Amino acid sequence: MSIEVNNESGVQVDEAQLVTLSRFIFERLYIHPQAELSILLVDEPAMEKLHIELMDEPGATDVLSVPMDELTPGTPGKPAPQGMLGDIAICPQVAEVQARNAGHSTQDEMLLLCTHGILHLLGFDHAEPEEKEEMFGLQRELLSAFLGKDAPMETML
0 MSIEVNNESG VQVDEAQLVT LSRFIFERLY IHPQAELSIL LVDEPAMEKL HIELMDEPGA
60 TDVLSVPMDE LTPGTPGKPA PQGMLGDIAI CPQVAEVQAR NAGHSTQDEM LLLCTHGILH
120 LLGFDHAEPE EKEEMFGLQR ELLSAFLGKD APMETML
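Here's what the structure looks like:
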């Protein structure tokens, strides 16, 4: 498994825990052990630039996902093929505000956003109510299992 974290945010983040979480999710969703993931931590101006470039929307957001090889979850008998899962960009400054508003730690919010980003890379979405229920349910399930406690609830600015 190749999981690279590049912290350009200027904020101290537990990068090792993000990698451990990503590996946990890969194992739980039967992602090929040699799949590649890149996690980029950026400040608000950089996130706003990415948000405009990728989504044509102004303002910094919490997390953006850029899938590469369009991998989907595998099964115990048929893991996902090897490939590049893609890139996730997370803004710790936005995560801090959301965590404070939700009443949980910034690190828990970072883990929530990382999980959310990985699920987007795997083809999950939340545009429709049924999709949202499936994606957010899986997100809570994975994060709760990883943390050994109830996952923090999703937050929005």
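Residue numbers (numbering that gives the first Met the number 0): 0 to 156. Don't be surprised by glycine CBs; every beta carbon is placed ideally from N, CA and C. Note that this is a predicted model, so its numbers are computed, not measured.
In angstroms, rounded to a whole number, what distance separates the CA positions of residue 44 and residue 63? Mapped onto the sequence shown, residue 44 falls at position 45. Mapped onto the sequence shown, residue 63 falls at position 64. For residue 44 and residue 63, the distance between alpha carbons rounds to 14 Å.
Applying the 10 Å Cβ sphere with the 16-neighbour rule, what's the burial state of residue 51? If you number the sequence shown from 1, residue 51 lands on position 52. It counts as exposed.
Who are residue 83's beta bridge partners in DSSP? The residue you call residue 83 lines up with position 84 of the sequence shown. Its beta-bridge partners are 35.
Please list the terminal residues of the continuous alpha helix (DSSP H) segment that includes residue 43. Reading the sequence shown from its first residue, position 44 is the one you call residue 43. That run of the alpha helix (DSSP H) goes 43-54.
Excluding the 5 residues preceding and the 5 following residue 115 in the sequence, name in chain order all residues of the same chain whose CB lies nearer than 7 Å to its CB. Here residue 115 refers to the residue found at position 116 when the sequence shown is read from its first residue. Excluding sequence neighbours, residue 115 sits near 62, 138.
Once DSSP output is grouped into helix, strand and coil, what is the label at residue 156? Stepping through the sequence shown from its first residue, residue 156 is reached at position 157. Residue placement at residue 156 is poorly supported in this model, since its pLDDT is 44, which falls under 50; the coordinates still yield a value, given next. The three-state reading of DSSP puts residue 156 in coil, since its state is none of H, G, I, E or B.
Name the one or two DSSP bridge partners that residue 88 has. Stepping through the sequence shown from its first residue, residue 88 is reached at position 89. Answer is 39, 63, bridged to residue 88.
Given this structure, state the Cα-to-Cα distance separating residue 34 from residue 131, to the nearest angstrom. Here the question's residue 34 lines up with position 35 in the sequence shown. Here the question's residue 131 lines up with position 132 in the sequence shown. If I take the Cα positions, the gap works out to 25 Å.
I want to know whether the segment 69-87 touches the segment 116-123 - three or more CB-CB distances under 8 Å. Contact annotation: the segment 69-87 touches the segment 116-123, with at least three C-beta pairs closer than 8 Å.
Outcome for residue 144 when other beta-carbon atoms lying within 10 angstroms are tallied against a minimum of 16: Position 145 of the sequence shown, counted from the start, is the residue given in the question as residue 144. Exposed is the call here.
What residue range is occupied by the uninterrupted beta strand (DSSP E) comprising residue 2? Stepping through the sequence shown from its first residue, residue 2 is reached at position 3. Looking at the DSSP string, the run of the beta strand (DSSP E) that includes residue 2 is 1-6.
Counting C-beta neighbours from all protein chains within 10 Å, is the total for residue 157 16 or more, i.e. buried, or is it exposed? Lying before the first or after the last residue shown, residue 157 is absent from the chain, which here runs from 0 to 156.
Rounding to the nearest angstrom, what Cα-Cα distance links residue 8 and residue 20 in this structure? On the sequence shown, residue 8 is found 9 positions in, with the first residue counted as 1. On the sequence shown, residue 20 is found 21 positions in, with the first residue counted as 1. Each residue's Cα considered, the two are about 20 Å apart.
Does the beta carbon of residue 115 sit closer than 7 Å to a beta carbon anywhere in chain C? Absence of chain C from the displayed structure is noted, only one protein chain being present.
Residue 98 versus residue 23: straight-line alpha-carbon distance, rounded: Along the sequence shown, read from residue 1 onward, the residue named residue 98 stands at position 99. Along the sequence shown, read from residue 1 onward, the residue named residue 23 stands at position 24. Taking the straight line from one Cα to the other gives about 22 Å.
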